[in-house]
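First up is the structure itself, then whatever we jot down about it.
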Amino acid sequence: MPEVVSDKWDAPLPVTDLALVSAAGEPPVLRFTSRDENAEYLLIRRTNGAAEIAAELRGKAGEVIEFIDAGANLNEVHEYSAIPRHALLYQEGSLVTGAESARVRYQPGGLLNRVAEFITGGATREAAPPETETNQSLFW
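Laid out in structure tokens, this is it:
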């Protein structure tokens, strides 16, 4: 009888510290800590209701990953989240994902956005509360 249980094949842990570290009007720079060496992280960009994968990133457990979204339109509002995908199972044709992270919001530059950021104390850059039952997967 086995005495040790491996978590190697479990769904990867979700990202808990996704942050937008750039200012309004600058190219979006996102940062988070990898929690699982067997995970690939799908960085999702939502713009005007449409979602797309902005990047597929990977790192060792505990490694800080940073991504500059050079493909983002700096004149539009974007929301970002990260979905961990089990890399080994994906290579074998099985899609196993962990929970989606909380979202962070990118605001375009400009005087009106700077005034709004000043009035709200930068609240536009805080993560939205994680969604639970209303999440819609990109995969099914």
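Take 11 as the starting number for the sequence shown in this note's numbering and just add one per residue.
For every residue, glycine included, the Cβ atom is placed at its ideal position computed from N, Cα and C.
Quantities reported herein were computed from a predicted structural model and do not represent experimental measurements.
So what does DSSP say about residue i, is it helix, strand or coil?
i: Leu99; result: helix
i: Ala33; result: coil
i: Pro38; result: coil
i: Ser44; result: coil
i: Pro118; result: coil
i: Thr144; result: Note that Thr144 scores a pLDDT of 43, beneath 50, so its modelled location is shaky; the value from the coordinates is reported in the next line. Reduced to three states, the DSSP call for Thr144 is coil.
i: Ala64; result: strand
i: Ala92; result: strand
i: Ala21; result: coil
i: Thr57; result: strand
i: Ala71; result: coil
i: Ala82; result: coil
i: Glu110; result: coil
Hey, residue i and residue j: beta-carbon distance below 9 Å or not?
i: Ala92; j: Leu30; result: no
i: Thr43; j: Asp20; result: no
i: Gln117; j: Val87; result: yes
i: Gly35; j: Gly119; result: yes
i: Arg115; j: Phe77; result: no
Leaving out five residues on either side along the sequence, give the residues of the same chain with a beta carbon under 7 Å from the beta carbon of residue i.
i: Pro139; result: At Pro139, the pLDDT of 42 sits below 50, so the modelled position is not reliable and the matter cannot be decided from this model.
i: Gln146; result: Because Gln146 carries a pLDDT of 49, less than 50, the predicted location of this residue cannot be relied on, and no value is offered for it.
Nearest CA to the CA of residue i: which residue from the options?
i: Pro37; options: Gly59, Asp20, Asp27, Asn83; result: Asn83
i: Ala65; options: Asn85, Ala80, Tyr116, Asp27; result: Ala80
i: Glu110; options: Met11, Ile63, Thr57; result: Ile63
i: Arg68; options: Val15, Pro22, Asn85, Thr57; result: Pro22
i: Ala97; options: Val14, Lys18, Glu13, Ala33; result: Lys18
Go through its chain and collect everything with a Cβ distance to residue i's Cβ below 6 Å, but skip five positions before and after it.
i: Thr107; result: Ile93, Arg95
i: Val39; result: Val31, Ser32, Ile78
Only counting the same chain, and skipping five residues up and downstream in sequence, which positions put a Cβ closer than 8 Å to that of residue i?
i: Ile54; result: Ala61, Glu62, Ile63, Ala64, Tyr90, Ser91, Ala92, Ile93, Glu110, Leu148
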